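Residue 238 is where the sequence shown starts when you use my numbering, and the numbers rise one by one after that.
For reference, the structure is listed below as structure tokens.
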Amino acid sequence: MYYVLVGVLALVAGVAIGFFVARQYTMNYLKKNPPINEQMLKVMMAQMGQKPSQKKINQMMKAMNNQMK
């Protein structure tokens with residue numbers, strides 16, 4: 238009886254700890270390697286038919302960085 242209870246508690250604790258460790262790792266990875274950079278923004282805007290100015294790209298990058306925080 239107690240073995241089952243201890244096993245279930247250990248499983249729940251392991252899942253909780255694993256979730257938070259994986260979450261922290263993923264957040265650090267995305268902070269170091271953002272999914273979109275300036276070159277990608279330029280290409281995306283060009284594909285949409287817009288001529289990307291550096292000012293517009295800087296605004297979009299700043300907005301994305303603020304959203305990540």
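Glycine included, each C-beta is placed from N, C-alpha and C at the ideal position.
All values reported here derive from a predicted model rather than from experimental measurement.
With DSSP as the reference, label residue i as helix, strand or coil.
{"i": "MET282", "result": "helix"}
{"i": "GLN296", "result": "helix"}
{"i": "LYS268", "result": "helix"}
{"i": "ASN274", "result": "coil"}
{"i": "MET305", "result": "helix"}
{"i": "GLN287", "result": "coil"}
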